[in-house]
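*Asks:* Before I ask anything, let me first share the structure, which is written out below as C-alpha cells.
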Amino acid sequence: MTDRANTKTSGPRGKRSSALRLLPIGAAAVVCGIIWHAIALLSGLPAFILPGPLLVANRLGEVLADGSLLRQSGYTLIEVVAGMALGVGTAAALGYVLSKSRLVERVLAPYIVATQAIPVVAIAPLLIIWLGNGLASKVLICALIVFFPVLINTIVGLRSVSANLRELMRSLGATRWQNFRLLEFPAALPILLGGLKVGATLSVIGAVVGEFIAPDRGLGYLISVARGQYDTALVFVGVFALVVMALSLYGLVAWAEHRWLNWRE
Numbered sequence: 000m001t002d003r004a005n006t007k008t009s010g011p012r013g014k015r016s017s018a019l020r021l022l023p024i025g026a027a028a029v030v031c032g033i034i035w036h037a038i039a040l041l042s043g044l045p046a047f048i049l050p051g052p053l054l055v056a057n058r059l060g061e062v063l064a065d066g067s068l069l070r071q072s073g074y075t076l077i078e079v080v081a082g083m084a085l086g087v088g089t090a091a092a093l094g095y096v097l098s099k100s101r102l103v104e105r106v107l108a109p110y111i112v113a114t115q116a117i118p119v120v121a122i123a124p125l126l127i128i129w130l131g132n133g134l135a136s137k138v139l140i141c142a143l144i145v146f147f148p149v150l151i152n153t154i155v156g157l158r159s160v161s162a163n164l165r166e167l168m169r170s171l172g173a174t175r176w177q178n179f180r181l182l183e184f185p186a187a188l189p190i191l192l193g194g195l196k197v198g199a200t201l202s203v204i205g206a207v208v209g210e211f212i213a214p215d216r217g218l219g220y221l222i223s224v225a226r227g228q229y230d231t232a233l234v235f236v237g238v239f240a241l242v243v244m245a246l247s248l249y250g251l252v253a254w255a256e257h258r259w260l261n262w263r264e
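Next up, the structure:
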C-alpha cells in the first residue's frame with residue numbers, strides 16, 4: 000500500500016519538478032527576446048542586417064506554412080541520424096578491440112589521433128569530390144565528427160571495469176559474450192552515453208559543414224540560399240532549427256541515460 004501511494008504521488012510531483020526546471024529556461028528565453036528586440040529597434044539597423052524577433056517569427060510562420068523548413072530539416076535529420084549510427088557503431092566496435100589489445104592500440108592510436116588533428120572542414124571537399132554531393136559524403140562527415148569522442152569514451156568505459164568483477168566472472172565460468180553482456184557493457188554504458196551526448200550535438204555540425212560545401216538540400220542549403228538573398232530573418236530561422244535539432248538529440252540521449260541507468264539510483 001505504501002509503495003502504491005508513493006507511486007501515485009510521485010507522478011504529479013515529478014511533473015511539477017520538471018516544470019520548475021524548465022521555468023528558468025523559458026524566462027531566460029523571454030529576457031533574451033526582449034533584449035534582442037530592443038537592440039534591433041534602437042540600433043536603427045536595416046532588417047537585412049539585424050531583423051527583430053517578430054520579423055523572424057513571421058518568417059518562421061511562412062516557411063512552416065509552405066513546408067520548406069520541415070522538408071529541409073528532414074533532409075538534415077536523415078544525414079545526422081545516419082552519420083551518428085555509422086560513427087557510433089564503428090567507434091564502439093573499434094573501441095572494444097583497442098580496449099582488449101594494447102598492441103593494436105599502440106599501432107592504430109597515432110593514426111586515429113592524426114585524423115583528429117585535421118579539421119573536418121579541410122577534408123570535407125575531398126569527401127565530396129570522391130563520394131559526390133549526395134547523402135553518402137555528408138553522412139561520412141557526420142560520422143567522422145562523432146567517431147572520436149565515442150571511441151575514447153568506449154575505451155575508457157571498458158577499461159574502468161573492476162578487476163575484482165572480472166575475476167568473479169571468470170570464476171563463474173562466464174563466456175566472452177556473457178562477460179561483455181553482463182559486466183563490461185553495463186559498466187561502460189554511463190561513460191559511453193556521455194560520449195554519445197557530445198557526438199549527438201557534433202553530428203549536427205558535421206551535417207551543416209557538408210551542406211555548406213555542397214549545398215543541394217538541408218538546413219545548410221536553406222541558410223546558404225537565405226544568405227545569398229540577404230534574407231537574414233530566414234538565416235536566423237535556419238540557425239534556430241539547428242539548435243532545436245541538436246538540443247532534441249541531446250535530450251533523447253539524456254532520456255535514454257536516465258531510463259537505462261536508473262538502477263544506479
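Numbered per numbering that gives the first Met the number 0, the sequence shown spans residues 0 to 264. By construction, the Cβ of each residue, glycine as well, lies at the ideal position given by its N, Cα and C atoms. Small disclaimer: the values here were computed from a predicted structure and weren't measured.
1) Just checking my contact of leucine 192 with alanine 255 at CB under 8 Å: how many whole Å lie between their CB atoms?
2) Do the stretch 202 to 212 and the stretch 126 to 144 touch if we need at least three Cβ pairs shorter than 8 Å?
3) CB-CB under 7 Å to valine 155, same chain, minus the five flanking residues each way: which ones, in chain order?
4) To test your reading of the DSSP string, which unbroken alpha helix (DSSP H) runs of 4 or more residues are found completely within the stretch 193 to 246?
5) According to DSSP, is phenylalanine 47 part of a helix, a strand, or is it coil?
6) Please state whether DSSP places glycine 133 in a helix, a strand or coil.
7) Is it true that the CB of alanine 199 sits closer than 7 Å to the CB of leucine 248?
8) Enumerate, from N- to C-terminal direction, the unbroken alpha helix (DSSP H) stretches of 4 or more residues contained entirely within the stretch 132 to 161.
9) Let's see if you can read the secondary structure: which residues bound the alpha helix (DSSP H) around threonine 114?
10) Consult DSSP for glycine 66 and reduce its assignment to one of helix, strand or coil.
11) By Cβ distance below 6 Å, which residues in the same chain neighbour alanine 37 in space, the five residues on each side in sequence not counted?
12) Quick check: what's the CA-CA separation for leucine 68 versus leucine 218?
13) Give a yes or no on whether the C-beta atoms belonging to alanine 232 and leucine 49 are separated by under 7 Å.
14) Note down, in chain order, each residue of its chain lying with its Cβ closer than 6 Å to the Cβ of alanine 245, except the 5 sequence neighbours on either side.
15) Which class does alanine 251 belong to by DSSP, given the choice of helix, strand or coil?
16) Sort Leu251, Trp259 and Gly237 by Cα distance to glycine 73 and report the nearest one.
*Replies:* Inspection of the coordinates gives the following:
1) Taking the first residue of the sequence shown as 1, we reach residue 192 at position 193. Taking the first residue of the sequence shown as 1, we reach residue 255 at position 256. Rounded, the Cβ-Cβ distance is 7 Å, consistent with contact.
2) yes
3) Taking the sequence shown and counting its residues from 1, the one referred to as residue 155 is at position 156. Around valine 155: Ile190.
4) 218 to 227
5) Numbered from its first residue, the sequence shown carries residue 47 at position 48. If DSSP states are grouped into helix, strand and coil, phenylalanine 47 belongs with coil.
6) As a first step, residue 133 must be located in the sequence shown, where it is residue number 134. Glycine 133: coil per DSSP, three-state reduction.
7) Here residue 248 corresponds to residue number 249 of the sequence shown, with the count starting at 1. Here residue 199 corresponds to residue number 200 of the sequence shown, with the count starting at 1. Cβ atoms of leucine 248 and alanine 199: closer than 7 Å.
8) 134 to 158
9) Position 115 of the sequence shown, counting from 1, holds the residue named residue 114. Start and end: 101 to 116.
10) Here residue 66 corresponds to residue number 67 of the sequence shown, with the count starting at 1. Of the three classes helix, strand and coil, the one that applies to glycine 66 here is coil, per DSSP.
11) Position 38 of the sequence shown, counting from 1, holds the residue named residue 37. None.
12) Counting from 1 along the sequence shown, the entry for residue 68 is found at position 69. Counting from 1 along the sequence shown, the entry for residue 218 is found at position 219. Going by the C-alpha atoms only, they are around 8 Å apart.
13) Along the sequence shown, one-based indexing puts residue 232 at 233. Along the sequence shown, one-based indexing puts residue 49 at 50. Cβ atoms of alanine 232 and leucine 49: not closer than 7 Å.
14) In the sequence shown, the residue the question calls residue 245 occupies position 246. The answer, listed in chain order, is Thr200 and Val203.
15) For this step, residue 251 is matched to residue 252 along the sequence shown. Reading off the sequence shown, one finds leucine at residue 251, where the question assumed alanine. Three-state result, leucine 251: helix.
16) As a first step, residue 73 must be located in the sequence shown, where it is residue number 74. Closest option to glycine 73, judged by alpha-carbon separation, among Leu251, Trp259 and Gly237: Gly237.
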